[in-house]
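Peer 1: The structure's right below; bear with me while I get my questions together.
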Amino acid sequence: MEKEYILITDFCLSHNIETHFVMELYEFGLVDVVIKENVSYLPIKQLPKAEKIIRLYSDLNINLEGIAVITQLLNKMEKMQDEITHLKNRLDLFE
Amino acid sequence: MNFIDYYKILGLDKSASQGDIKKAYRKLARKHHPDVNPNDKEAEKKFKEINEANEVLSDPEKRKKYDKYGKDWQHAEEFEKARASQGPSQNRGRGSSSQNYGEQDFSDFFESMFGGSGNFSGRGQARFRGQDLNAELKLHLRDVFKAHKQTLNVNGKNIRITVPAGIENGQTIKITGHGGPGHQGGPNGDLYITFGIINDTPFKRDGNDLYTSVNLDLYTALLGGEIMVNTFDGQVKLNVKPETQNGTKIKLKGKGFPIYKKNDAYGNLYITYNIVTPTNLTSKEKDLFKELSDLRK
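So the sequences go chain by chain: R and F. First residue of the first sequence? That's 1 in this note's numbering, and the numbers climb one at a time after it. First residue of the second sequence? That's 1001 in this note's numbering, and the numbers climb one at a time after it.
Here it is, written out as C-alpha cells:
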C-alpha cells in the first residue's frame, strides 16, 4: 500500500486542503480513491491529476463542474494532438 | 535594462483599482495557465509574467514602491535609506543600481513555483510530489532502429535512459521518478521526454513500415533477374519477375522498422520499382529496338 497509495490525510495536509475536497473530487469522478479498512488512499498514479485539479481550483477559481469539462477537453486535445503528430509523420511519405 | 511594465502585462493603466487588477489577472490566468495549455512554452512564459505582475500590483505596498521606483522597486528600501543619509539636496537619480533587471527576473518570483528552466520546463506546481519536467530529445532515425542507452543532462543532473527502439517522431515517454525531488518525503516528479526524429535516410516511415524506391534497368524489368537492394539494416537479394511494370510495389515482410516495445517484431518494407529506360542509344541498339517495335505491330 505504501508505494502505490498515499493517505488522503497526508495529501491534504501537504496541499493545505480539506479531506472532503478530495472526496468531492472522487464523487465527481475526477480522481480514484481506494478505501481500505475505513482509511482512504489516493493512488500515487493519480497524484499529477489531483494536483492539476487543485491548481485549476485554487489558481483559477474554477468549480468542479468546470474542472470536469476542462479535463475532458484536455484529454480530447491530447488525443487530437497525437493524431496530428501521426498524420504529420504520414505526410512525410508524400513529400 | 528592460523595464517590465506590469500594468501593460495585465492590460491596465496606472489608475486601475484592486478590483480591476484581480479581474484582469483572472481573465489572463485562465487563458494562459500551463495546465490548460499543455506543452505550450509561450503560455507558460506569459503565465509567469502575469503572475509576477499580479504579485506586485495586487499588493498595495509593493504596488506603491513599483509606481514610485519602476524597475528598481525591489530596491526601494535601499533608495529610501540612501536618500535619508544623503540629505534632501542630493540628486536622487533612479538608475543607480548596477543590477540588471531584465526579462530573466521574471523567474525570480517563480523559481520555487516552476523550478529551474534551461531547456526544461516545469509542468506545474507541487508541494508534495516533485515537479514534472519536460525535455526534448532530437535523434536520427538510425538512432532509434535499435534500443540504446543515452545520458541526458536534466537540470544539471545526469540521467541515463534507455531509448526504446521504434520510437516515433513527436512521441513522448515518461521516465517515472526522474523529475524534481519530492517534498516532505513525497515521491519525485516524472520526466517527460518528447522525441524529435530526424529522417535523413532514403526511407520514408509510416509507423512501423518503411517505404523506398529502387531503380530497375529496362532489361531486368523485361526479362527478370536478381538485384541487390538496400534495406534499413543491410542488403538483400531480390528476384525480379519478368515483365515487371513501372511503379510495381513489393513487400518485404519484417524488413521495416522495429515495433515499439515489441521485441523482435518489425514492420514491413515496401519497395517501389522505378524502371529506368536506357539513354544515349547506339545505332545498333536503335535498330534492335525498332525491330522489337515492329514485332509488336
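Virtual Cβ for every residue (Gly too), placed ideally from N, Cα, C.
(1) Suppose the cutoff is 6 Å on Cβ atoms and the five residues either side in sequence are ignored; what does the same chain contact list for residue 1172 of chain F look like?
(2) Count the CB pairs spanning the region 43-53 of chain R and the region 27-34 of chain R that are closer than 8 Å, and state whether there are at least three.
(3) Does residue 1231 of chain F come out as helix, strand or coil in the three-state DSSP assignment?
(4) Could you tell me which uninterrupted beta strand (DSSP E) segments, each at least 3 residues in length, are contained entirely in the region 1139-1190 of chain F, listed from first to last along the chain?
(5) Hey, does residue 43 of chain R have any beta-carbon neighbour from chain F nearer than 8 Å?
(6) Let me know the secondary structure DSSP gives residue 1126 of chain F once reduced to three states.
(7) Among residues of its own chain, excluding the 5 on either side of residue 1261 of chain F, which ones have a beta-carbon nearer than 8 Å to its beta-carbon?
(8) Just verifying my parser: in three-state terms, what is the DSSP assignment at residue 1197 of chain F?
(9) Starting from the C-beta of residue 1267 of chain F, find all residues in its chain whose C-beta is less than 6 Å away, skip the five residues before and the five after it, and write them out in chain order.
(10) Any contact of the region 1268-1278 of chain F with the region 1238-1251 of chain F, i.e. 3+ C-beta pairs under 8 Å?
(11) Could you tell me whether the region 1062-1074 of chain F touches the region 1037-1054 of chain F, where touching means 3 or more Cβ pairs closer than 8 Å?
(12) Tell me the DSSP secondary structure of residue 1226 of chain F in three-state form.
(13) Answer yes or no: does any C-beta atom of chain R fall closer than 8 Å to that of residue 1268 of chain F?
(14) For residue 1231 of chain F, I'd like the list of residues in its chain whose CB is within less than 7 Å of its CB, leaving aside the five on either flank, ordered along the chain.
(15) Report all residues from its chain with a CB closer than 7 Å to the CB of residue 1046 of chain F; omit the five preceding and five following residues, and keep chain order.
(16) Could you round the C-beta distance between residue 1010 of chain F and residue 1028 of chain F to whole angstroms and report it? I think they count as a contact, below 8 Å.
(17) Can a CB atom of chain R be found closer than 8 Å to the CB of residue 1140 of chain F?
(18) Roughly how many angstroms lie between the CA atoms of residue 1244 of chain F and residue 95 of chain R, to the nearest whole one?
(19) Helix, strand or coil for residue 1043 of chain F, going by three-state DSSP, please let me know.
(20) Starting from the Cα of residue 1159 of chain F, find the closest Cα among F:1170, F:1190, F:1169 and give me that residue.
(21) Note down, in chain order, every chain F residue with its Cβ under 8 Å from the Cβ of residue 76 of chain R.
(22) Counting along the chain, where does the alpha helix (DSSP H) carrying residue 107 of chain R start and finish?
(23) Can you give the beta carbon distance from residue 22 of chain R to residue 8 of chain R, rounded, assuming they're within the 8 Å contact cut?
(24) Hey, is residue 1199 of chain F's beta-carbon within less than 8 Å of any beta-carbon in chain R?
(25) Looking at C-alpha atoms only, which residue of F:1226, F:1271, F:1214, F:1196 is the closest neighbour of residue 88 of chain R?
Peer 2: Reading off the structure:
(1) These residues qualify, in order along the chain: 1192, 1194.
(2) Verdict: yes, contact present.
(3) The answer is strand: DSSP assigns residue 1231 of chain F an E or B state.
(4) Counting only runs of 3 or more, we get 1148-1154, 1157-1163, 1172-1175.
(5) No - not a single Cβ of chain F is within 8 Å of the one on residue 43 of chain R.
(6) The predicted position of residue 1126 of chain F is uncertain, since its pLDDT is 39 and thus under 50; no value can be drawn from it.
(7) Around residue 1261 of chain F: 1164, 1166.
(8) Residue 1197 of chain F falls in the strand class under three-state DSSP.
(9) Cβ neighbours of residue 1267 of chain F beyond the five flanking positions: 1208, 1209, 1256, 1257.
(10) Counting Cβ pairs under 8 Å, three or more are found: they touch.
(11) These segments do not touch.
(12) Reduced to three states, the DSSP call for residue 1226 of chain F is strand.
(13) Residue 1268 of chain F does not count as touching chain R.
(14) So the qualifying residues of the chain are 1252, 1255, 1269.
(15) If we look at residue 1046 of chain F and ignore the five residues flanking it on each side, its Cβ neighbours are 1032.
(16) Right, their Cβ atoms sit about 7 Å apart.
(17) No, residue 1140 of chain F lies away from the interface with chain R (no Cβ there is under 8 Å from its Cβ).
(18) Whole-angstrom Cα-Cα distance: 26 Å.
(19) Here residue 1043 of chain F sits in helix by DSSP.
(20) Selected option, being the one with the closest Cα: F:1190.
(21) Those do not exist, as residue 76 of chain R stays about 12 Å from chain F at its closest Cβ, beyond 8 Å.
(22) Only positions 1 to 95 of chain R appear in this structure, which leaves residue 107 of chain R out of reach.
(23) About 5 Å; that satisfies the 8 Å criterion.
(24) At least one CB of chain R lies nearer than 8 Å to the CB of residue 1199 of chain F.
(25) It is F:1196 whose Cα lies nearest to the Cα of residue 88 of chain R.
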